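**Q** Protein chains in written order, with our numbering: chain C, 7 to 268; chain X, 7 to 268. Every residue, glycine too, gets a C-beta built ideally from N, C-alpha and C. Keep in mind the model is a prediction, meaning the values are calculated, not measured.
Number of protein chains: 2
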Amino acid sequence: MKIATWNVNSIRTRQTHVKNWLKANPVDVLCLQETKVIDQDFPRQPFEDIGYNVYISGQKAYNGVAIFSQTPLEDVIIGFTPIVGADKTGDLDEQKRVISGAINDIRIVNLYVPNGASVGSEKYDYKLRWLEVLGDYLQQLREKTQQELCVCGDFNIALSDQDIYKPKPKTQIMASPTERDALQTVLSRVELQDAFRKFTEESGHYTWWDYRRGGFTHNRGWRIDHHYLTPNLYKRAVSCTIDIEPRRLEKPSDHTPAIAEI
Amino acid sequence: MKIATWNVNSIRTRQTHVKNWLKANPVDVLCLQETKVIDQDFPRQPFEDIGYNVYISGQKAYNGVAIFSQTPLEDVIIGFTPIVGADKTGDLDEQKRVISGAINDIRIVNLYVPNGASVGSEKYDYKLRWLEVLGDYLQQLREKTQQELCVCGDFNIALSDQDIYKPKPKTQIMASPTERDALQTVLSRVELQDAFRKFTEESGHYTWWDYRRGGFTHNRGWRIDHHYLTPNLYKRAVSCTIDIEPRRLEKPSDHTPAIAEI
DNA sequence: GTCATTCAAG
DNA sequence: CTTGAATGAC
C-alpha cells in the first residue's frame, strides 16, 4: 500500500497538478494539507472521477486537510475532539488540521501541524499546546482502535539538522529545540518511527522550499513532511521517497509529495 | 490609416491578447484605455518588438491611457493642462485619462471618459465637469494646432438608444440625458462626427458587454467606444468597424476594439 | 513568493 | 464578473 502526503497550498489552485500527479502516481492514499477551502467548495469531482474516495475537513482561507483513498476509509475521525474530548481539545479543533481513517486496521492520520510563526510568539505556544494534545490523541487512538498507525502530513518541524539545507540557530522556527523535543515526545509516546530514515541516511533530501528568495532554485530546502509508523508497520515498510517533480511545475506548491510504501 | 481603440482593462493582464490582436490586425495606431499601471511598469517591450512606438500616461490601479503607433507620434500631449492650463484643469489631470499625438497633421486624441458611477453621484458630477473641460481642451487644441482631430476612446456614454441592447431609463448611467447632452455639446463645439455612423445605421453593434450577469452571452451590449472625426477627416473615412473576436477569448477585456480607417 | 480575503471600481 | 491593492499567513 502506497501512502503519500502533500501540502498543496490550496487545492483549488493546485487541482490540475494533483490530478495529473495521481494519474502518473496512482497511490492508494493521498493525504493533503492546506487545502484552504470550505468543505462545500472542495473540488471532489475531479478526484472521484479517477477513482478516489474523498474525505475532507476544511475551513476558509487557512489550513484544511483531506484524504483521498482508492479503498473507502473506515471510521473517519475529524479533529482531536472525538478521541480526547472537548475539554482537552479546547480551541484546537477550530483550525482544521486533523483527519484520520482506517484501511484493514491500518489507521492513517493526516496532520497539518501549526507553523508557529516565530519562536516565543503566541503562535509558537499554540504549536506546542497542539503537539501536547496530539500526543494524547495518538495514544488514545492507538488504545481505542488497537490499529497500527501511519501518522503523516506537514509537521512544520525538521527533527534533525540533517533535514535542513544548513544547520539553523536554536531560535529558528521549525528547528528550535523546544518544538523538536515536543515532537520527539509525541513519537516516543506511541513508538512512532520516521519511515524515510529507514531507507535513507544522507542529508540533502527535502520536501519544502520557501517561495521566497529562490529557495528551490538554490535548493535551500527542509524535510518537514513525514510519515511516522508504529513498530509493526515500520518493519513492513518497503520504501519511503520524495518526488521532487511537482515542485518544478509552473505555479507549484511550496511542498512536494513524500510517498511511503508498506 | 487605421486607428483602433480598445479599453483593455489592465494591459498587464491583457498583454498577450493585445499583442496577438496587433499581429493579426496591424493597425497604424492603437489607443488603449484602462491600462491600470504606472508608467515604469508598463510592458513596452512586447509592443516595441512588433514595431510600435509606445506612448503612455498611467497611474496605479485605475485609469491609464496609451497610444501605440507604427509611425512615431509628433507633439505628444498628456492631460488637459498643457492646453487649457492648470486653472481650468483643476484636479482633472490627477486621473490619467487623456493622451494625444499627431501624425501628418492628423491629431489623435485618446480618451478614457469617467464612468460616473450613477446619475446624481459625486462621480457623475465629476464626469460632467470633465466633459466640460474636454470641450475647452478640444477647441483650443484645434485652434492651436490647426490639425484635423480623431478623438477616440472609451466615452462611457451611448449617445443614442440605438447603441444599447435595450432602451434605458433616463436615470441609467452612460445613457442619461444630461451626460448625452454634455457629450453632444463637446462634439458640436469642434464639429465632431461619429465615424461608425457614417457606415452603419442599424442598431445591435456594441463594443462593451458587462462582465456581470452574462452580458456577453446574452449580447446585452453597449456601443460606448467611439471615433469622432472633424469634417475633413470624416469625409475621408473609408470604414469603421468593431471586432468582436477578442471579447470571445479566455479572460477577455469587457470591451472589444473598434477600428476606423481614414 | 504565493495564496485567499476584503475592498473599491466598473 | 473581473481587476488591482492591501492585508495576513507561511
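(1) With a floor of 4 residues, list each alpha helix (DSSP H) that falls wholly inside the region 43-127 of chain X, ordered by position along the chain.
(2) Taking just the CA atoms, how far does Pro52 of chain C sit from Arg20 of chain C?
(3) Please classify Pro88 of chain C: is it buried, with 16 or more other beta-carbons within 10 angstroms of its beta-carbon, or exposed?
(4) Going by C-alpha to C-alpha distance, which of C:Ser194, C:Leu38, C:Thr11, C:Lys172 sits closest to Ile17 of chain C?
(5) Could you tell me whether the region 182-194 of chain X touches the region 23-41 of chain X, where touching means 3 or more Cβ pairs closer than 8 Å?
(6) Is the region 223-230 of chain C touching the region 165-172 of chain C, taking contact as three or more C-beta pairs under 8 Å?
(7) Out of X:Gln199, X:Ala67, X:Val196, X:Leu28, which has the shortest C-alpha to C-alpha gap to Glu54 of chain X?
(8) Grouping DSSP H, G and I as helix and E and B as strand, with all else coil, what is Ile248 of chain X?
(9) Can you have a look at Phe202 of chain X and say buried or exposed, based on whether 16 or more other CB atoms are within 10 angstroms of its CB?
(10) In this structure, how does DSSP classify Gly221 of chain C when only helix, strand and coil are distinguished?
(11) Out of C:Val14, C:Val60, C:Lys25, point me to the one whose CA is closest to Lys42 of chain C's CA.
(12) For the putative contact between Ser63 of chain C and Gly85 of chain C, defined by C-beta atoms under 8 Å, what is the C-beta separation to the nearest angstrom?
(13) Is the region 66-74 of chain X touching the region 141-148 of chain X in the sense that three or more CB pairs, one from each, lie closer than 8 Å?
(14) Taking Thr213 of chain X as the reference, give the member of X:Glu138, X:Ile83, X:Glu207, X:Asp260 with the closest Cα.
(15) Using the three-state DSSP reduction, which class does Leu147 of chain X fall into: helix, strand or coil?
(16) Given that a residue counts as buried once 16 or more other Cβ atoms are within 10 Å of its Cβ, and exposed if not, what is Glu256 of chain C?
(17) Taking the alpha-carbon positions, what's the Gly159 of chain X to Val82 of chain X distance?
(18) Just confirm the distance between the C-beta atoms of Thr177 of chain X and Val125 of chain X, as a whole number of angstroms; I'd bet it's less than 8 Å.
(19) Could you check what DSSP says for Ile268 of chain X in three-state terms: helix, strand or coil?
(20) Just mark Ala264 of chain C as buried or exposed, buried being the case when its beta carbon has 16 or more other beta carbons within 10 Å.
(21) Using only the alpha-carbon positions, how far apart do Ser245 of chain X and Glu40 of chain X sit?
(22) For the alpha helix (DSSP H) holding Val157 of chain X, just list the boundary residues, first then last.
(23) On the three-state DSSP scale, how would you describe Asp142 of chain X?
(24) Which stretch, first to last residue, makes up the alpha helix (DSSP H) that contains Gln39 of chain X?
(25) Taking Ile163 of chain C and Arg186 of chain C to be in contact with their CB atoms under 8 Å, please state how far apart those CB atoms are, rounded to whole angstroms.
(26) Give the DSSP-derived three-state secondary structure of Asp260 of chain X in the structure shown.
(27) Assuming Asp274 of chain C and Glu154 of chain C are in contact, meaning their beta carbons sit under 8 Å apart, how far apart are those beta carbons, in whole angstroms?
(28) I'd like the list of long-range same chain contacts for Ala72 of chain X, defined as Cβ closer than 6 Å, with 5 residues on each side in sequence excluded.
(29) Straight-line CA distance for Val24 of chain C to Thr191 of chain X?
(30) Within the region 172-235 of chain X, note down every full alpha helix (DSSP H) run reaching 4 residues or more, in order along the chain.
(31) In whole angstroms, give me the CA-to-CA distance for Pro237 of chain C and Leu198 of chain C.
(32) Thinking C-beta only, is Ile109 of chain C closer than 8 Å to Ala138 of chain C?
(33) Between which two residues does the beta strand (DSSP E) carrying Asn13 of chain C extend?
(34) Could you tell me if Met205 of chain X is buried or exposed, where buried requires 16 or more neighbouring beta carbons within 10 angstroms of its beta carbon?
(35) How far does the alpha helix (DSSP H) with Ile17 of chain C in it extend, from its first residue to its last?
**A** Judging by the given coordinates:
(1) Correct list: 51-54, 87-90, 92-95.
(2) As a first step, residue 20 of chain C must be located in the first sequence, where it is residue number 14. As a first step, residue 52 of chain C must be located in the first sequence, where it is residue number 46. If I take the Cα positions, the gap works out to 12 Å.
(3) Within the first sequence, numbered from 1, the residue matching residue 88 of chain C stands at position 82. Buried: at least 16 other Cβ atoms inside 10 Å.
(4) Along the first sequence, read from residue 1 onward, the residue named residue 17 of chain C stands at position 11. For the residues C:Ser194, C:Leu38, C:Thr11, C:Lys172, the minimum Cα distance to Ile17 of chain C belongs to C:Leu38.
(5) Contact fails: fewer than three Cβ-Cβ distances are below 8 Å.
(6) Output reads yes: the region 165-172 of chain C touches the region 223-230 of chain C.
(7) Indexing the second sequence from 1 puts residue 54 of chain X at position 48. The candidate whose alpha carbon is nearest that of Glu54 of chain X is X:Leu28.
(8) Along the second sequence, one-based indexing puts residue 248 of chain X at 242. Of the three classes helix, strand and coil, the one that applies to Ile248 of chain X here is strand, per DSSP.
(9) Position 196 of the second sequence, counted from the start, is the residue given in the question as residue 202 of chain X. Here Phe202 of chain X is buried. Its C-beta has 16 or more other C-beta atoms within 10 Å.
(10) Here residue 221 of chain C refers to the residue found at position 215 when the first sequence is read from its first residue. Of the three classes helix, strand and coil, the one that applies to Gly221 of chain C here is coil, per DSSP.
(11) Position 36 of the first sequence, counted from the start, is the residue given in the question as residue 42 of chain C. Checking every option, the nearest Cα to that of Lys42 of chain C belongs to C:Val14.
(12) Within the first sequence, residue 63 of chain C is the residue found at index 57, counting from 1. Within the first sequence, residue 85 of chain C is the residue found at index 79, counting from 1. About 7 Å separates the two Cβ atoms, so the contact holds.
(13) No, because fewer than three Cβ pairs between the region 141-148 of chain X and the region 66-74 of chain X fall closer than 8 Å, the two stretches do not touch.
(14) Reading the second sequence from its first residue, position 207 is the one you call residue 213 of chain X. Minimum Cα-Cα distance from Thr213 of chain X among the listed residues X:Glu138, X:Ile83, X:Glu207, X:Asp260 corresponds to X:Asp260.
(15) Stepping through the second sequence from its first residue, residue 147 of chain X is reached at position 141. Reduced to three states, the DSSP call for Leu147 of chain X is helix.
(16) Taking the first sequence and counting its residues from 1, the one referred to as residue 256 of chain C is at position 250. Label assigned to Glu256 of chain C: exposed.
(17) What you label residue 159 of chain X is simply residue 153 of the second sequence in a count that begins at 1. What you label residue 82 of chain X is simply residue 76 of the second sequence in a count that begins at 1. Roughly 16 Å between the two C-alpha positions.
(18) Position 171 of the second sequence holds residue 177 of chain X. Position 119 of the second sequence holds residue 125 of chain X. Contact between Thr177 of chain X and Val125 of chain X holds: CB atoms are separated by about 5 Å, below the 8 Å threshold.
(19) By one-based count along the second sequence, residue 268 of chain X stands at place 262. In the structure shown, Ile268 of chain X falls within a coil segment according to DSSP collapsed to helix, strand and coil.
(20) Mapped onto the first sequence, residue 264 of chain C falls at position 258. Its Cβ being crowded by 16 or more others within 10 Å, Ala264 of chain C is buried.
(21) In the second sequence, counting from the first residue as 1, residue 245 of chain X sits at position 239. In the second sequence, counting from the first residue as 1, residue 40 of chain X sits at position 34. Pairing Ser245 of chain X with Glu40 of chain X, the inter-Cα distance amounts to about 25 Å.
(22) The residue given as residue 157 of chain X occupies position 151 in the second sequence. No alpha helix (DSSP H) contains Val157 of chain X, which is instead part of the beta strand (DSSP E) from 154-160.
(23) Within the second sequence, residue 142 of chain X is the residue found at index 136, counting from 1. Residue state, collapsed to three classes: helix.
(24) Position 33 of the second sequence, counted from the start, is the residue given in the question as residue 39 of chain X. It is not in any alpha helix (DSSP H) - Gln39 of chain X instead sits in the beta strand (DSSP E) that spans 35-39.
(25) On the first sequence, position 157 is the one that residue 163 of chain C refers to. On the first sequence, position 180 is the one that residue 186 of chain C refers to. 6 Å between Cβ atoms; contact.
(26) Taking the first residue of the second sequence as 1, we reach residue 260 of chain X at position 254. Note: Asp260 of chain X maps to coil in three-state DSSP.
(27) Since the first residue shown for chain C is 7 and the last is 268, residue 274 of chain C is missing from the structure and cannot be characterised.
(28) Within the second sequence, residue 72 of chain X is the residue found at index 66, counting from 1. Cβ-Cβ distances below 6 Å link Ala72 of chain X to Leu38, Thr41, Ile62 in the same chain, with the five nearest sequence neighbours on each side left out; the list follows chain order.
(29) Translated into positions along the first sequence, residue 24 of chain C becomes position 18. Translated into positions along the second sequence, residue 191 of chain X becomes position 185. If I take the Cα positions, the gap works out to 59 Å.
(30) Taking only runs of at least 4 residues, the alpha helix (DSSP H) segments lying wholly in the region 172-235 of chain X are 183-195, 201-205.
(31) As a working mapping, residue 237 of chain C is identified with position 231 in the first sequence. As a working mapping, residue 198 of chain C is identified with position 192 in the first sequence. Near 7 Å, if we compare the C-alpha coordinates of Leu198 of chain C and Pro237 of chain C.
(32) Position 132 of the first sequence holds residue 138 of chain C. Position 103 of the first sequence holds residue 109 of chain C. The amino acid occupying residue 138 of chain C in the given sequence is Glu; Ala does not appear at that position. Contact flag unset, no.
(33) As a first step, residue 13 of chain C must be located in the first sequence, where it is residue number 7. From DSSP, the beta strand (DSSP E) with Asn13 of chain C extends over 8-13.
(34) Mapped onto the second sequence, residue 205 of chain X falls at position 199. In the sequence as displayed, the identity of residue 205 of chain X is Phe instead of Met. A residue is called buried when at least 16 other Cβ atoms come within 10 angstroms of its Cβ; Phe205 of chain X does not meet this threshold and is exposed.
(35) If you number the first sequence from 1, residue 17 of chain C lands on position 11. Its alpha helix (DSSP H) spans residues 17-30.
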